[in-house]
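A.B. asks: Note that our numbering has the sequence shown beginning at 1436, numbered continuously upward. All C-beta atoms, glycine included, are put in the ideal place defined by N, C-alpha and C.
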Amino acid sequence: MLRLQFDDWGEPPARKIAAAVEVIHRGGVAAYPTDSVFALGCAIEARDAIERIHRIKGMKKSQRLALICPDLSSASRYGQFSQTAFRLAQRVFPGPYTLVVPATREVPRTLTDNKRRTVGIRVTSNAIAQALVVALGRPLLTTSAARDGGEPCRDADEIIETFGDAVDVVIDSSATNELPSTIIEIDGDDITVIREGQGPIDGLF
């Protein structure tokens, strides 16, 4: 396991970001902070890593990972944003929200709900997670760093205690918030709050 220490100020060091991204490029599983809680993630095409994340979290096969994209423009390659969804995305991104929208053909079928072909998309305001996805050059698959039904991890020590060597690279930074992202599904003009978490919903719609 590679553990990379990041300071709490300034831009994330490019050398350490590159080291973490190299592990992800090779199909590794990364643990990193977001603007909600710590997350586990991997590259979009890394099937073995996706299976490992499901296994170490105790996730059901029907549970899907979300995508972290660097901005709304790139997110539109992977999600179909209705006018309602686009307006909402402009309000909440970047931030601690996951928007569930219809998936485009760019998203592998193995990453979507087989019945509905939807995908969860995030644009995070966390500088480290943002730097990772920009350097990666493609979406970063993401899910809260928690065993199924358990409390999410908030720092590197909790990650190592919970998952051990099942994670290939750990970003050691300041503790994150306690709540996972707020999940909102948009189907045309219909908006449904799936999970209320770190992102407030008062006044959003």
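For a test of the three-state rule: what should DSSP assign to Q1565, helix, strand or coil?
C.D. replies: Looking at Q1565 - three-state DSSP - the assignment turns out to be helix.
A.B. asks: From D1625 to R1557, what distance separates their C-alpha atoms?
C.D. replies: Cα to Cα, the separation comes out at about 19 Å.
A.B. asks: Do I1621 and A1520 have their C-beta atoms within less than 8 Å of each other?
C.D. replies: Cβ distance < 8 Å, so I1621 and A1520 count as in contact.
A.B. asks: Could you spell out the range, first to last residue, of the alpha helix (DSSP H) harbouring L1483?
C.D. replies: It should be noted that the sequence gives Asp, not Leu, for residue 1483. Taken as a continuous stretch (DSSP letters only), the alpha helix (DSSP H) holding D1483 covers R1482 to K1492.
A.B. asks: Does the beta carbon of A1465 come closer than 8 Å to any beta carbon on chain C?
C.D. replies: This model lacks chain C altogether; it includes just one protein chain.
A.B. asks: Within the continuous beta strand (DSSP E) that includes F1473, where are the two ends?
C.D. replies: Start and end: F1473 to A1478.
A.B. asks: Do S1616 and S1471 count as a contact pair if the criterion is CB distance below 8 Å?
C.D. replies: Result yes, Cβ atoms of S1471 and S1616 sit closer than 8 Å.
A.B. asks: Is V1386 helix, strand or coil when you go by DSSP?
C.D. replies: Residue 1386 is absent from the model: the chain starts at 1436 and stops at 1640.
A.B. asks: Looking only at DSSP bridge pairs, what is P1537 linked to?
C.D. replies: Note: P1537 sits in a beta bridge opposite T1553.
A.B. asks: With a threshold of 16 other CB atoms inside 10 Å of the CB of R1450, please say whether the residue is buried or exposed.
C.D. replies: By the neighbour-count rule (16 or more Cβ atoms within 10 Å), R1450 is not buried but exposed.
A.B. asks: Tell me which residues share the same chain as T1611 and place their Cβ nearer than 6 Å to its Cβ, disregarding the 5 neighbours each side in the sequence.
C.D. replies: So the qualifying residues of the chain are P1468, V1472, F1473 and R1589.
A.B. asks: Would you be able to state if there are at least three C-beta pairs under 8 Å between the region 1515-1529 and the region 1475-1485?
C.D. replies: No contact exists between the region 1475-1485 and the region 1515-1529.
A.B. asks: Need the endpoints of the alpha helix (DSSP H) that A1524 sits in, please.
C.D. replies: A1524 -> alpha helix (DSSP H) spans Q1518 to V1527.
A.B. asks: Helix, strand or coil: which one does DSSP assign to A1466?
C.D. replies: If DSSP states are grouped into helix, strand and coil, A1466 belongs with the strands.
A.B. asks: At what residues does the beta strand (DSSP E) containing S1508 begin and finish?
C.D. replies: Unbroken run through S1508 is the alpha helix (DSSP H), L1507 to A1510; no beta strand (DSSP E).
A.B. asks: Going by Cα to Cα distance, which pick from S1579, A1601, A1510 and V1458 is closest to Q1633?
C.D. replies: Checked all of S1579, A1601, A1510 and V1458; the closest Cα to Q1633 is S1579.
A.B. asks: Which first and last residues belong to the alpha helix (DSSP H) in which I1629 is found?
C.D. replies: Taken as a continuous stretch (DSSP letters only), I1629 belongs to no alpha helix (DSSP H), being part of the beta strand (DSSP E) at D1625 to R1630.
A.B. asks: Look at the alpha carbon of P1529 and the alpha carbon of T1559, and state the distance between them as a whole number of angstroms.
C.D. replies: Answer to the nearest angstrom: the Cα atoms are 5 Å apart.
A.B. asks: So, using beta-carbon positions, are L1439 and D1607 closer together than 8 Å?
C.D. replies: In contact: L1439 and D1607 (Cβ atoms closer than 8 Å).
A.B. asks: Indicate whether I1488 and L1502 have their beta-carbon atoms separated by less than 8 Å.
C.D. replies: Not a contact, by the Cβ cut-off of 8 Å.
A.B. asks: Out of Q1518, I1452 and G1463, which has the shortest C-alpha to C-alpha gap to D1600?
C.D. replies: Looking at the Cα atoms, G1463 is the closest of the given residues.
A.B. asks: Classify L1546 as helix, strand or coil using the three-state DSSP reduction.
C.D. replies: Helix, per DSSP.
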